[in-house]
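Numbering of the sequence shown is given in UniProt numbering, commencing with residue 1 and proceeding in unit increments. A virtual CB, placed ideally from N, CA and C, is assigned to each residue, including glycine. Predicted model, so just to flag it, every value in this text is computed and none were measured.
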Amino acid sequence: MTTAPEDQLARAESLLREDLTTRAAYVSDASIYRRLPAAVAEPRTVEQIRDLLALAHERGWSVISRGGGTSVAGNSIGDGLVIDTSRHFNRVLSIDPQAETADIEPGVICDDLRAAAAEHGLTYGPDPSTHARCTVGGMVGNNACGSHSVAWGTAAENLVAVTVMLADGREVELRAGGTSGPALTRTLSALRDEHRAMLRTELGQFPRQVSGYGLHYLLEENGFDVAKAFAGTEGTCGIITRMTVKLVRRPAATALAVLSFADAIAAAHAAPALRVRGVTTIEGMGGDLLDALRSRPGNETAGSELPPGGGWLYCEVGGETVEAAQARAQQLEGIVESSGRAEVQGAVVVVDPARTRSLWRIREASAGIVTRLPDGGEAWPGWEDSAVPPENLGDYLRDLYALLDELELRGIPFGHFGEGCVHLRISFDFGTEAGVARYREFIERASQLVRHYGGSVSGEHGDGRARSELLGIIYSPEALRAFAAFKRAFDPAGFFNPGVLVDPEPIDQGIRPGPGARTFDLKPVHAFSHDNGSFAGAVNRCVGVGACRSDVGAMCPSFQATRDEVHSTRGRMRSLAEMLRGEHLKDGWKAEETLEALDGCLSCKACVAECPVNVDVATYKSEFLHHHYGEGIRSFVGRRRRPMAHLTMGWLPVLVRLMNLVPGAPSLVNTAMRVRPLQKTVMRLGGVEAQRDMIRFADQPLTKWFSTRPGDAPDGRPSVVLWPDSWTNFMDDGPGKAAVEVLEAMGYRVLMPGGNVCCGMTWHSTGQLEALKREVTRTLGVMEPLLEAGYPVIGLEPSCTVMLQDEITELLPDDPRAALLAQRTLTLGQFTARHLAEGGDWPFGTLDDDGPRDAVCQVHCHQKSMIGYDAELEVLQRLGVDVDMVGGGCCGLAGNYGFEPGHLEVSRTLGERELFPKIRAAGPDPLVVADGFSCRTQIREGTDASGRTLAEVMRSALPEAR
1 MTTAPEDQLA RAESLLREDL TTRAAYVSDA SIYRRLPAAV AEPRTVEQIR DLLALAHERG
61 WSVISRGGGT SVAGNSIGDG LVIDTSRHFN RVLSIDPQAE TADIEPGVIC DDLRAAAAEH
121 GLTYGPDPST HARCTVGGMV GNNACGSHSV AWGTAAENLV AVTVMLADGR EVELRAGGTS
181 GPALTRTLSA LRDEHRAMLR TELGQFPRQV SGYGLHYLLE ENGFDVAKAF AGTEGTCGII
241 TRMTVKLVRR PAATALAVLS FADAIAAAHA APALRVRGVT TIEGMGGDLL DALRSRPGNE
301 TAGSELPPGG GWLYCEVGGE TVEAAQARAQ QLEGIVESSG RAEVQGAVVV VDPARTRSLW
361 RIREASAGIV TRLPDGGEAW PGWEDSAVPP ENLGDYLRDL YALLDELELR GIPFGHFGEG
421 CVHLRISFDF GTEAGVARYR EFIERASQLV RHYGGSVSGE HGDGRARSEL LGIIYSPEAL
481 RAFAAFKRAF DPAGFFNPGV LVDPEPIDQG IRPGPGARTF DLKPVHAFSH DNGSFAGAVN
541 RCVGVGACRS DVGAMCPSFQ ATRDEVHSTR GRMRSLAEML RGEHLKDGWK AEETLEALDG
601 CLSCKACVAE CPVNVDVATY KSEFLHHHYG EGIRSFVGRR RRPMAHLTMG WLPVLVRLMN
661 LVPGAPSLVN TAMRVRPLQK TVMRLGGVEA QRDMIRFADQ PLTKWFSTRP GDAPDGRPSV
721 VLWPDSWTNF MDDGPGKAAV EVLEAMGYRV LMPGGNVCCG MTWHSTGQLE ALKREVTRTL
781 GVMEPLLEAG YPVIGLEPSC TVMLQDEITE LLPDDPRAAL LAQRTLTLGQ FTARHLAEGG
841 DWPFGTLDDD GPRDAVCQVH CHQKSMIGYD AELEVLQRLG VDVDMVGGGC CGLAGNYGFE
901 PGHLEVSRTL GERELFPKIR AAGPDPLVVA DGFSCRTQIR EGTDASGRTL AEVMRSALPE
961 AR
C-alpha cells in the first residue's frame, strides 16, 4: 500500500486513544486471553475507517474489529489497532418490510435491531444470550446463533449482503452470486473449483459446524453466496462497513414447555426428538447451573417453578393462537417418550409472559452464572462452545464428563441441545504452569472427542484464540489450505486479526488469569468474605460477559451515559486486573490509570445485583482509593494528595457535628450561603462542583429535637431504634420527624442512640477506610446497650442502611456487634411490612378519598441493588399510591460523585435519562417518592419538584394530617 497523505494520517491520529487507561479497558473480551492494544479508535463514518487503516499501515499495526466485546474465544482482542464500531457506527439505516430485510451498520446492538424490526411485526432471528449488548457485526463475524437457531438459523443464514473494507481501503460488496470485485470473484471461484469435493464432505455437515471458514457456501448448490461465506471470518478478512440482514416474522403466539430429566446427559439424548414443526428453541441445562444461580445473593429460591430433575430442556413453541401453541407444547412430553431416547421426569407448560420471562432468565444468565461454581470456585471458558450432530450429543456429553472426572475438573453444562451445541465453563487452574498444562491436555483430548463424534470445536462463538489451533485436529490438511487461500484472497498481507483461524496462536499463549498475574503484595482492608479474603479473587470474578454494557437495568450508569468502554463495569475491572498484573500498569495501588478508570464509578452498587457474578466495583473502588492515597491528614498534602472533596464530603459527618456545637451556626451558614458569590467561593475552596447548589442544614440536629420533645408513648409499648443518619440528623430532618410520628402512631416507643452515631458511608465512598473503622467502632460502642436489648434498628437513608446491613461486617468481620447491628437493621418499609404481617395496627388512611394517588418513585440505587423495594411498594399500595417506578437505577448524583468536579455532565445526563422526564410528565405539583437524600437533591436541582420520603408519605396519611 502506498504511503498515505499527511492530512489523512492526521485525521486518523485525531481519532486514536493511545492512553493506557483506554488500552487497559480493551485488553480482553469475554475470553481468558489478554492482549494490550497499541491504540483504540471509535469511528463514526466509512471515511474514518479508511483513514484508520491507512494509519495502521503507516505504523505497522495489525487491525482488530470489535463490537460489544462479548466474544468468549478471544476473537476481538489484539496488540494492534482495535477499531470499535459499537459506540458510534451503529445506525439502523433502513428496514424494508416487504422484502423483510434491514440495512444496518456493524455496531448496531442486536436488541436495537429487533426493536426497530418489531415496529413492522418482524424480528432478527439470531439471538445469543448477550442479545442486549452484542453487536450484529460481531454476531456475523463469529457466525453467532442463539436459542432460536433451530427455527431461524445462524447469522450466516440470515445475511443477505455485506460490504467489507479491505486492507487497501477499497470497499467490496459480497452477496449470493459473487462480489463487486471481479478479480476477487474469480479467485474465490477458483478456490471453490479446486476444493469442491472437500467442501461437500467436510464442511456444512450439521447446523452448528461453525469452526473454520464457511467455504461450503461457495458451492453452486448454495448459490456461490460469498456473503454467507464471509460470516464467521472473525475479523480476519476485512472490516464490515454495512450489512443487509434477513428479518423474520415471529409466531403470533408462543408457549414454553420445560421438560425435566435425570441429568443433562439424558436431556441431551432427548433433544433430537423435539426437532419438530413449531418448536423454535430446544435449550438444555444441567442441575449444577441451578445450584450456581441459587448460590448468588437474592436468588436462593430461583428455579422453584421448574419441574424436579437434574437436567432440563426449554422448548418454545409457536402457534397462530395461544391455545394452539399451548396444545402443541403439551404434546412434547409424549413425543420424547415415544422416541424412546430418554425418560421425562416432569413437565410444565407456561403461556403467561411473566412466568415465561422468569424461567428464561435462568437459562439466559448462564453465561455469567457459570463463571462461578456453586461452592464459589472459579470456572473458565476455553472449551466453551463445542458442537456435534444433535443425535450424538448425549454420547459426546457422557464421554466429555468422563474426561473431566479423569482430569479432576468440574463444569456446568448448558447450551443449544437441539442443535448439538453445549457451553461449558470448567474449573481450570490458570494460576500455575501445571494448571495451564492440564488445560492444554484437556482441550486437545476433548478435540479428539469432537472429531470422533463428527463435530466442531466451535458451535457459534467462533474459534478465536481459544480454538484456532485445534482446527488441524478436526479438519484435513486440504481444508486448512483452503482456509488459508480464502484469507489470502481478502487479506494477502495478514493485516487483519492475525493469530486467529489461519496461522493460529497457541491456545495457551497470553492467558489473562495465568501465572504471573499478581505481582505485588495485597493486604486488603475489606474482608472479601465471598472471595476467600482475596482482592485478586474478587477482581477475577469479571470474565467480561458485558452485561454492564446493556441499557437494560441499572448497570452501569456511567457507561449508559457515555457509551465508553472505560466507564463500563468491565472496563474498570480490566484496569484493576492490569494493575494487579503489573506488566503495563506498573505502580500497583498507585496506578493513575486505574484511578482514572474508577473515577467514573458512581458507587451505585448496581453491579452487585445485576452482574451475573456479582462484582462490586463500589467496594473495589473504596479499597483502591484507600491504598492509592493513604490515610490521615498527610493524604491531603504532597504530590499524590487526595481531592479536597474527600475532605469536605468524606468528613462531612464530623464537620457538621462540630458546626452544631456552636449555637445558631447552621442558621448563620444557611443565611450566608444565600449570597451566591460567597456560596460559589466556599464550594470551590472545598473542592466541590460550584455549579451545584449548596446543601442546607437543619436549624438543630434531629437528635436534639427528639431529646427535648415531650414523650407521649407509654413505656409498655414495644421499642424501636430510629437511626439518626448524618443527612437526616443534620441536613434534612423532616423525614426523621415524620418517622417518629409514624412509628408512634403504629404503637411503638421510639428510641434514638445516646450519642452521635455514623455508619461511615462517606468515608467508605472516598476510600478512607481506617477512619471509617474507627468511626464505626465508636458507633458500635454507643449502640451496644440498644443492641443487647434486642431492639430493631430502622434506617431512613438507604445508603446508610446498606452500610449497616452489609458493609460494616466486611470491614469489622471479627466484631460481633457489627454482625448484630447488620442483622437488626431494617428499612422503614421492611419494618412496616413485618408489622403488618404480624397483625399490627394500621392507623393510616389513603392519601386521596377519590382513588389512587399517582406518584413517581425514585428508588435509591443502593436500596434497589442491595435490599429491594418490595416492602415499600406494599406499604405505598396500602396508602392508595399508584407508583410509576423510575427504572433506570441511580439518579445520577450518587452522593459525593455528583458533587465532585468533572462529574456534572454525566450526573445530569443520568437524571435526564428517565427521572427528570417522568417527573415533568407527571404535571404540576407531582408526588415524587424518594428516600435518598442525594436523590431528593438531584430532583430539586433538575426539576421544579421536591421529593418526599416514605416516612413523610405515611405521615400525610395519618388522620390528624389530613
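State the CB to CB distance for the pair residue i and residue j, rounded to an integer number of angstroms; the pair is presumed to be in contact (CB under 8 Å).
i           : j           : result
residue 652 : residue 762 : 6 Å
residue 772 : residue 872 : 28 Å between Cβ atoms; not a contact.
residue 341 : residue 270 : 5 Å
residue 501 : residue 483 : 6 Å
residue 557 : residue 585 : The pair is not a contact, with the Cβ atoms about 25 Å apart (cut-off 8 Å).
residue 930 : residue 575 : The pair is not a contact, with the Cβ atoms about 32 Å apart (cut-off 8 Å).
residue 447 : residue 422 : 14 Å between Cβ atoms; not a contact.
residue 572 : residue 597 : 5 Å
residue 43  : residue 89  : 6 Å
residue 417 : residue 313 : 6 Å
residue 546 : residue 68  : 6 Å
Near residue i, which residues of its chain fall below 7 Å by C-beta distance, leaving aside the five closest residues on each side in sequence?
i           : result
residue 552 : 132
residue 699 : 666, 667
residue 956 : 847
residue 625 : 766, 767
residue 464 : 31, 71, 73, 74, 75, 234, 500
residue 238 : 164, 165, 166, 490, 491, 496
Residues in the same chain with beta-carbon distance under 6 Å from residue i, minus the five sequence neighbours each way, listed in chain order, please.
i           : result
residue 230 : 162, 174
residue 206 : 389
residue 541 : 613, 615
residue 180 : 172, 173
Relative to the alpha-carbon of residue i, which residue among the options has its alpha-carbon at the smallest distance?
i           : options            : result
residue 966 : 600, 350, 191      : Since the first and last residues shown for the chain are 1 and 962, residue 966 lies out of range.
residue 834 : 507, 867, 875, 857 : 875
residue 593 : 17, 6, 21          : 21
residue 160 : 506, 244, 605, 85  : 244
residue 208 : 392, 254, 495      : 392
residue 276 : 419, 681, 924, 940 : 419
residue 922 : 903, 910, 946, 932 : 946
residue 63  : 49, 73, 956        : 49
residue 878 : 512, 844, 901      : 844
residue 81  : 928, 884, 496      : 496
residue 887 : 639, 636, 867, 913 : 913
residue 676 : 687, 692, 664      : 692
residue 344 : 786, 263, 283      : 263
With a 10 Å radius around its C-beta and 16 neighbouring C-beta atoms as the bar for buried, classify residue i as buried or exposed.
i           : result
residue 168 : exposed
residue 54  : buried
residue 858 : buried
residue 918 : buried
residue 863 : buried
residue 14  : exposed
residue 381 : buried
residue 524 : buried
residue 142 : buried
Quick one, are the C-beta atoms of residue i and residue j less than 8 Å apart?
i           : j           : result
residue 736 : residue 702 : yes
residue 456 : residue 140 : no
residue 583 : residue 768 : no
residue 394 : residue 268 : yes
residue 336 : residue 328 : no
residue 190 : residue 227 : no
residue 723 : residue 790 : no
residue 504 : residue 468 : yes
residue 810 : residue 628 : no
residue 108 : residue 91  : yes
residue 28  : residue 77  : yes
residue 600 : residue 644 : no
residue 721 : residue 792 : yes
Which same chain residues end up closer than 8 Å to residue i when comparing Cβ atoms and leaving out the 5 residues on each side of it in sequence?
i           : result
residue 152 : 125, 126, 158, 248, 280
residue 731 : 656, 695, 696, 697, 698, 933
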